[in-house]
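S.K.: Dropping a structure here in structure tokens format, bear with me for questions.
Numbering (the numbering used here), first residue to last: 87 to 291.
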């Protein structure tokens with residue numbers, strides 16, 4: 087719900103104040119990218135690692151491994167469902183809004199337009215869903231470490247997209263918000279399916 091509200095507010099801000107929103111103007115001086123710097127080099131590598139085809143393939147690989155170990159299709163269903171839902175919502179909003187990036191309108195923007203950031207959305211969805219799957223019934227210390235790592239990953243991917251100057255800060259924030267919406271939908275659906283399966287199992291007894 088929070089993600090949906092944040093995404094909606096950023097979208098309204100873009101419609102009313104676009105193409106450069108208040109959020110982008112407020113943060114422009116704080117996040118001005120430095121070309122040919124070590125930070126930019128790191129950001130470029132992070133951005134490549136966060137690309138849909140790279141991070142998505144890795145996430146599906148982990149999901150397949152978990153499916154084989156647990157003998158349950160659920161991990162693959164969770165990851166693939168999240169990726170498909172994100173692709174539909176992300177491509178739809180990018181096409182509908184059609185916002186260009188701060189420098190090059192033909193830069194690597196994932197699925198098309200700059201708003202929302204596809205890299206940022208995918209990073210949050212993949213990191214959070216993997217953290218959920220990997221920490222079920224785990225030790226509290228491992229759970230905390232997994233969520234810290236997950237959070238650092240999607241924060242770094244978002245930073246990298248601004249640092250290499252292909253996204254505004256508002257694009258990244260909206261990407262995270264959209265990602266949070268997708269995670270919420272997937273987790274809610276998973277919980278409902280589990281309840282239904284549990285009820286059916288009790289009925290069969």
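In this text, a Cβ means the ideal position worked out from N, Cα and C, and glycines have one as well.
In this text the structure is predicted, and so the values were computed from the model without any measurement.
Within 10 angstroms of the Cβ of residue 179, are there 16 or more other Cβ atoms? Answer buried if so, exposed if not.
M.R.: What you label residue 179 is simply residue 93 of the chain shown in a count that begins at 1. Buried, by the Cβ-count rule.
S.K.: Residue 200 and residue 254 - do their beta-carbons sit closer together than 8 angstroms?
M.R.: Indexing the chain shown from 1 puts residue 254 at position 168. Indexing the chain shown from 1 puts residue 200 at position 114. It is a contact, given that the beta carbons lie within the stated cut-off.
S.K.: Taking 6 angstroms as the limit between beta carbons, can you name the residues of its chain near residue 192, skipping five residues before and five after?
M.R.: What you label residue 192 is simply residue 106 of the chain shown in a count that begins at 1. Summary for residue 192: the model assigns pLDDT 47, below 50, so the residue's position carries little reliability; its value from the coordinates is reported in the next sentence. So no residue of the chain qualifies.
S.K.: Measure the alpha-carbon distance for residue 109 versus residue 156 and round it to whole angstroms.
M.R.: For the purposes of this step, residue 109 is identified with residue 23 of the chain shown, where counting begins at 1. For the purposes of this step, residue 156 is identified with residue 70 of the chain shown, where counting begins at 1. Residue 156 has its alpha-carbon roughly 45 angstroms from the corresponding atom of residue 109.
S.K.: Who are the near neighbours of residue 188 in its chain, counting only those whose CB is closer than 6 angstroms to its CB and skipping five residues on each side?
M.R.: What you label residue 188 is simply residue 102 of the chain shown in a count that begins at 1. The residues are 251 and 254.
S.K.: Are the beta-carbon atoms of residue 164 and residue 272 separated by less than 8 angstroms?
M.R.: As a first step, residue 164 must be located in the chain shown, where it is residue number 78. As a first step, residue 272 must be located in the chain shown, where it is residue number 186. Yes. Within cutoff.
S.K.: Does the count of Cβ pairs from the segment 263-270 and the segment 205-215 closer than 8 angstroms reach three?
M.R.: yes
S.K.: Got a sec? Which residues, its chain only, sit under 7 angstroms from residue 276 by beta carbon, not counting five neighbours each side?
M.R.: Your numbering for residue 276 matches position 190 in the chain shown. Closer than 7 angstroms at Cβ, skipping near neighbours: 164.
S.K.: In angstroms, rounded to a whole number, what distance separates the CA positions of residue 150 and residue 242?
M.R.: Reading the chain shown from its first residue, position 64 is the one you call residue 150. Reading the chain shown from its first residue, position 156 is the one you call residue 242. Spanning the two alpha carbons is a distance of roughly 26 angstroms.
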